[in-house]
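One structure is given below, encoded as structure tokens.
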DNA sequence: CTGAAAGCGCTTACAG
DNA sequence: CTGAAAGCGCTTACAG
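Protein chains in written order, with the UniProt record's numbering: chain A, 1 to 333; chain B, 1 to 333.
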């Protein structure tokens, strides 16, 4: 049924070794025999079995990708960046989401032991970090795409969170805001502390140090942000801007302000973080600090592939620049 | 380095064949030797090489998935449904997006020929349909997840578009609307014609046949829908509801109505189709006909896996029910 | 119930 | 420059 290297060899009148050489342009092959073998390969439509090649070579030319959930708002962009890069390099991409407890973690580690892929890209592996560390120590190349923490033990790519926080502050100050409310994400995340630090420093440097009472921890969800802002308003807190640590929370703030009868950006400006697809669809559309999720996916994939192909260990980390995307929620325009 | 079946056999004092038998619970094995082999396997942490197993068995226990783009609003849900189901069955999921012209299509078909996966799940393969048909004729099991067309040559799963359209009409009629504008998607898509038919029939049955001048083709984008509604309003068209054939278009309609100073749902009710994540984040939140994208992914994966595991060809099609998700854009509540 | 051997489709020293 | 042979790590008749 399947055309094998033996078929090609027989029809071309050469050995399998020679066919293999022209396939991999490895070793010297006479020009004319190479041309002839090529012709037979094309005529037969021969494609080497990836399983057999992998077994013989001891590698699968496949990259694994482990994500907590594929439905998060920005995950599609990351995944697209990864898949484009991996395909371009002629590798396959095996997708895993071990979000269902020990059983699925077990299945995943089995795939690793089975040699199903040569290297792994992992997104925000909060629950699986120790497992990944173990795999990494056992020789599995790993690159993290990490929005949240600091994991110096792995090569990783992140966005410039500190600078992003500072940029948010500069944008708000430049548009005349003086007393911002900061709606942070969970403070155990490194990215959250970075965003907060960057923002706080830039505010202080600008002459308007943050009011500690206006720095409030939230949990990255729309609902909690909405309730938190409503509560603060009820307590009589006064602020002329909101810096939310992600877009979902910013959208929650938008809803809360609307409920309270406040105008955005007239009374209160709102800036988020991420630039998820929904950010341009809200009313008013949401100003936000953009994380280049697709580029982060591409970069992580390139780091891993360079390691797999070149041999040298990947650069320890890459930090990609964030940028403010100004929309109606701060500019009104 | 790697623990192989030979290591297990040697240490357990049996042949590789016996180890293979206990691994696959195939053939009779003495209870005590089985227990002993199991113990050695566990102690050594042995996991069979997926490449070697695939080569020996002639199958990869891997499913391929081909999507046009992984960043579409509802793609994450489909993908999550697929990946959960495929993982549960112990299969791997290889992801492809051949959205970059002939070169990437070529790379994809090579992966097929290389036997990298046993069966394929394809989402809306508008541009690649003829390629898929060829692969299918050559024996590759294929199941389509198809929001758009009708492709009777393949097993496929779709949502109940006709019924969904009818449900949208019933919902609007029940809330007192009489002269709806229909913003269709591209009329070349089967799903669009189905949604329109269902809607038109239900309106007629309800005693309020559609005004043909209020059935307007759009292209599923927010921008085109927005401009179209603004244009129609400018032409003096009068309607008390909008049925948009997807949520992005509905969100565009929301923006247009706001620009025109019309209130939603006070002056005009709006209902979309899909239930993308952004639908609950707009203001007013968007009533929509929900397509169960995750369940569609699960169902397609199950159909394919049943075929791969059981041998029988998959059921020709599955049609999953849609449902109206009532939110503020029609109820005001 | 169990083992020796062939085979899956490649690659890679080793000779020549 | 080219081929014969061994080997990658499994599975599967075939014997016994």
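Note that beta-carbon positions come from the ideal geometry of N, C-alpha and C, so glycine has one too. All values reported here derive from a predicted model rather than from experimental measurement.
Test: residue i CB closer than 8 angstroms to a CB of chain A
i	result
residue 5/B	no
residue 132/B	no
residue 251/B	yes
residue 329/B	no
residue 281/B	yes
residue 94/B	yes
residue 227/B	no
residue 298/B	no
residue 60/B	yes
Within-8 angstroms CB hit, residue i to chain B
i	result
residue 262/A	no
residue 75/A	yes
residue 183/A	no
residue 38/A	no
residue 222/A	yes
residue 48/A	yes
residue 71/A	yes
residue 309/A	no
residue 290/A	no
residue 83/A	yes
residue 20/A	no
residue 393/A	Here chain A has residues from 1 to 333 only, and residue 393/A is not among them.
residue 54/A	yes
residue 79/A	yes
residue 234/A	no
Run of the beta strand (DSSP E) containing residue i, from where it starts to where it stops
i	result
residue 290/A	287-290
residue 121/B	119-123
residue 240/B	Note, residue 240/B: premise wrong, no beta strand (DSSP E); not H, not E.
residue 317/A	317-320
residue 71/B	Premise fails: residue 71/B is in no beta strand (DSSP E) and is neither H nor E.
residue 144/B	142-145
residue 269/A	269-274
residue 221/B	Per DSSP, residue 221/B belongs to no beta strand (DSSP E) and is neither H nor E.
residue 323/B	323-325
residue 182/A	180-184
residue 94/B	92-96
Environment of residue i [buried if 16+ CB atoms lie within 10 Å]
i	result
residue 302/A	buried
residue 42/A	exposed
residue 111/B	buried
residue 141/B	buried
residue 30/A	exposed
residue 113/A	buried
residue 130/A	exposed
residue 187/B	exposed
residue 314/B	buried
residue 57/A	exposed
residue 39/B	exposed
Endpoints, alpha helix (DSSP H) assigned at residue i
i	result
residue 156/B	Premise fails: residue 156/B lies in the beta strand (DSSP E), 156-159, not in any alpha helix (DSSP H).
residue 250/A	247-259
residue 132/A	129-137
residue 59/B	Unbroken run through residue 59/B: none, as it is neither H nor E.
residue 305/A	293-310
residue 23/B	16-24
residue 106/A	101-113
residue 39/A	31-44
Rounded Cβ spacing between residue i and residue j (contact assumed at less than 8 angstroms)
i	j	result
residue 51/B	residue 3/B	In fact, because the Cβ distance is near 15 angstroms, the residues do not count as touching under 8 angstroms.
residue 259/A	residue 230/A	7 angstroms
residue 195/B	residue 117/B	Their Cβ separation, rounded to whole angstroms, is 33 angstroms, which puts residue 195/B and residue 117/B out of contact at 8 angstroms.
residue 222/A	residue 248/A	5 angstroms
residue 300/B	residue 121/B	5 angstroms
Residue i beta carbon near the ligand GTP (any heavy atom closer than 7 angstroms)
i	result
residue 312/A	This structure lacks the ligand GTP; in fact it carries no ligand of any kind.
Could you check whether the region 118-132 of chain A touches the region 60-77 of chain A, counting it as contact only if at least three pairs of C-beta atoms, one from each stretch, sit closer than 8 angstroms?
Yes: the two stretches touch, three or more of their Cβ pairs being nearer than 8 angstroms.
Is the region 222-239 of chain A close to the region 174-189 of chain A, with three or more CB pairs under 8 angstroms?
Yes, the region 222-239 of chain A is in contact with the region 174-189 of chain A.
Three or more beta-carbon pairs under 8 angstroms between the region 186-202 of chain A and the region 17-30 of chain B, yes or no?
Contact between the region 186-202 of chain A and the region 17-30 of chain B is absent, because fewer than three Cβ pairs lie under 8 angstroms.
Taking one C-beta from the region 79-86 of chain B and one from the region 7-18 of chain A each time, how about it: are there three or more such pairs within less than 8 angstroms?
At 8 angstroms Cβ cutoff, the stretches do not touch.
Three or more C-beta pairs under 8 angstroms: does that hold for the region 136-151 of chain B against the region 88-97 of chain B?
Judged by pairs of C-beta atoms under 8 angstroms, the region 136-151 of chain B does not touch the region 88-97 of chain B, as fewer than three such pairs exist.
Using 8 angstroms as the cut-off, can you tell me whether the region 261-278 of chain B makes contact with the region 202-216 of chain B, which would need three or more C-beta pairs spanning the two stretches below that distance?
Too few Cβ pairs lie closer than 8 angstroms, so no.
Three or more beta-carbon pairs under 8 angstroms between the region 254-272 of chain A and the region 51-63 of chain A, yes or no?
The region 254-272 of chain A vs the region 51-63 of chain A: no contact.
Does the contact criterion of 3 or more C-beta pairs under 8 angstroms hold for the region 219-234 of chain B versus the region 204-211 of chain B?
Touching, no, given that fewer than three Cβ pairs across the two stretches are closer than 8 angstroms.
Report yes or no: do three or more beta-carbon pairs, one from the region 310-329 of chain A and one from the region 150-164 of chain A, lie closer than 8 angstroms?
Segment contact: the region 310-329 of chain A against the region 150-164 of chain A, three or more CB-CB distances shorter than 8 angstroms; contact assigned.
Between the region 325-332 of chain A and the region 287-301 of chain A, are three or more C-beta pairs nearer than 8 angstroms?
Enough Cβ pairs lie closer than 8 angstroms, so yes.
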